[in-house]
Every structure is written in structure tokens, then in C-alpha cells.
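Notes follow once the structure below has been shown.
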Amino acid sequence: MTFTVAIDGPAAAGKGTISKAVAAHFGFAHLDTGLLYRAVGRRTLDGVEPLLAATTLTAEDLDASDLRSPQVAQAASKVAAIGDVRTALVDFQRAFARRAGGAVLDGRDIGTVICPDANAKLYVTASAEVRAQRRFAELAAKGQADELATVLADVKERDARDANRADAPMKAAEDATILDTSDLSIEGAIAQAIAVIEARR
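If you want the numbering used here, it's the position in the sequence shown, counting the first as 1, plus 10.
Okay, here's the thing in C-alpha cells:
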């Protein structure tokens with residue numbers, strides 16, 4: 011049995027947390043596709059050409075300790091705007107989506123490009139201010155705190171780049187359910203996501 015769940019949305023909206031919880035609830039495999047781009051971005055910071063980084067990505071690259079750093083996040087957003095890089099990573103993502111037992115993929119273009127025929131689609135979002143506050147708290151907890159205003163500017167810059175890139179721009183699929191987490195608890199957001207997916211099964 012294959013059942014594919016596509017979860018898209020901007021940074022710090024909660025899609026990663028929701029995706030992991032949904033996968034655990036249904037017993038599906040989970041892929042954070044953003045990690046692929048973060049790993050490619052991380053390698054470019056070491057001077058590796060973006061397409062070469064994408065075509066030679068290894069499992070070890072996905073385990074790098076600093077993939078969640080702000081610098082890597084910005085690098086990931088930049089390489090994700092390169093069409094050839096996206097093409098190089100598409101086959102891996104689609105193969106993962108077809109695995110038996112069900113799969114949850116989260117990213118920016120899962121429901122629109124990677125898995126347009128996904129059984130269930132969610133677009134998880136929240137206001138830029140709420141997302142910046144969440145990211146600020148996350149960084150502060152890791153001792154990487156920056157000024158909140160700087161984090162907000164980074165969030166808005168990344169949103170603009172992801173939404174306006176020529177290839178596979180970030181947007182909600184026409185048949186996706188919009189889940190705004192601005193005023194939701196984590197538990198409430200997860201419950202709503204599970205309800206949407208249950209309705210599609």
C-alpha cells in the first residue's frame with residue numbers, strides 16, 4: 011500500500027514538527043526534503059559547486075551537525091533556486107514517496123512539483139512575525155541567538171526568494187488544505203493535520 015502525504019510551507023511554520031508527528035501517527039516513513047538542500051548548501055559553503063554537490067550527495071552529508079544553522083539555511087535557499095540542483099534531487103524524492111507502507115514528505119514544492127498526485131496535501135503557514143519569533147527562540151536555545159529584527163529580516167528574505175524563484179516556486183497546491191499555525195498549539199496543529207489526512211484515507 012502506498013499513501014503519499016505532501017506537506018509544504020515556509021520556514022518555521024511548523025511543517026517539520028507536524029510531518030514527523032503525522033508520520034509517527036500513521037506509521038509512515040518521513041523525509042524532510044529541506045535537509046537535502048541544506049546538505050547541498052552546506053557543501054557549497056566549503057567551495058563545492060552547487061550541481062556537483064547535489065549529484066554527489068551522500069548519507070553522511072545529511073548528518074552534518076550544522077545543517078540547522080542560519081548560514082546553512084540561507085545557502086540552502088540559494089541552491090534551491092537553481093533548476094539543475096532541483097532536478098538532480100527530484101528522482102530521490104519521488105522514489106521515497108512511492109515506498110510501500112506510506113510516506114510523508116515536507117518541503118516547499120512537494121504538492122506542486124514532486125508529488126502532484128499525493129493522496130493528501132497540506133500547506134502549513136504562519137505569519138512572518140510568528141515564524142521569526144519561533145526561529146529566534148530556537149536559535150537562542152542553541153546559544154546562536156541573533157537580534158529578533160535580524161531573524162525577521164532573514165525570514166522575509168527567504169520567503170521572497172523561495173516564492174519568486176523561476177523553478178518550482180513555493181506555493182500552496184490548488185488542492186492543498188491550508189493550515190495556519192499562527193494561533194495554534196503544536197498539539198492543535200498536529201490534530202488538525204491528522205484529521206485532514208484521515209479524511210483522505
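Heads up, the beta-carbon is just placed ideally off N, CA and C, and yes, glycines get one too.
Look at residue i and residue j and say whether their C-beta atoms are less than 8 Å apart.
i: R171; j: S87; result: yes
i: A83; j: R53; result: no
i: V100; j: G51; result: no
i: A23; j: R145; result: no
i: A183; j: K131; result: yes
i: P20; j: M180; result: yes
i: T14; j: N129; result: yes
i: A33; j: L55; result: no
i: A209; j: C125; result: no
i: L178; j: V134; result: Contrary to the premise, residue 178 reads as Ala rather than Leu in this sequence. No. Outside cutoff.
i: D18; j: G121; result: yes
i: E148; j: L162; result: no
Flag residue i as yes if its beta-carbon sits less than 8 Å from any beta-carbon of chain D, otherwise no.
i: F38; result: In the structure shown, chain D does not exist; there is a single protein chain.
Buried or exposed: which applies to residue i, given that a residue is buried once 16 or more other Cβ atoms fall within 10 Å of its Cβ?
i: G153; result: exposed
i: A150; result: exposed
i: G57; result: exposed
i: A64; result: buried
i: A105; result: exposed
i: A159; result: exposed
What is the DSSP secondary structure of residue i, reduced to helix, strand or coil?
i: G57; result: coil
i: T65; result: helix
i: I124; result: helix
i: T14; result: strand
i: D190; result: strand
i: G117; result: strand
i: D156; result: coil
i: A107; result: helix
i: D71; result: helix
i: A176; result: coil
i: D76; result: coil
Can you tell me which of the options puts its alpha carbon nearest to the alpha carbon of residue i?
i: D169; options: R210, I204, A74 and S137; result: S137
i: A91; options: V123, R210 and A176; result: A176
i: T43; options: D193, D156, A63 and R96; result: R96
i: I204; options: A183, M180, A22 and H35; result: H35
i: Q103; options: I200, A182, K181 and L45; result: L45
i: A113; options: G93, R211, H40 and V161; result: H40
i: I207; options: A159, D185, L162 and A105; result: D185
i: R109; options: R210, T12 and R211; result: T12
i: F38; options: L77, G111, Q143 and D127; result: G111
i: T66; options: A98, D127 and S195; result: A98
message: Whether or not the segment 186-201 and the segment 17-32 are in contact is what I'm after, with contact meaning three or more pairs of Cβ atoms, one per stretch, closer than 8 Å; do they touch?
response: Yes: the two stretches touch, three or more of their Cβ pairs being nearer than 8 Å.
- request: Check whether the segment 69-76 touches the segment 111-124, counting contact only when three or more Cβ pairs, one atom from each stretch, lie closer than 8 Å.
  value: no
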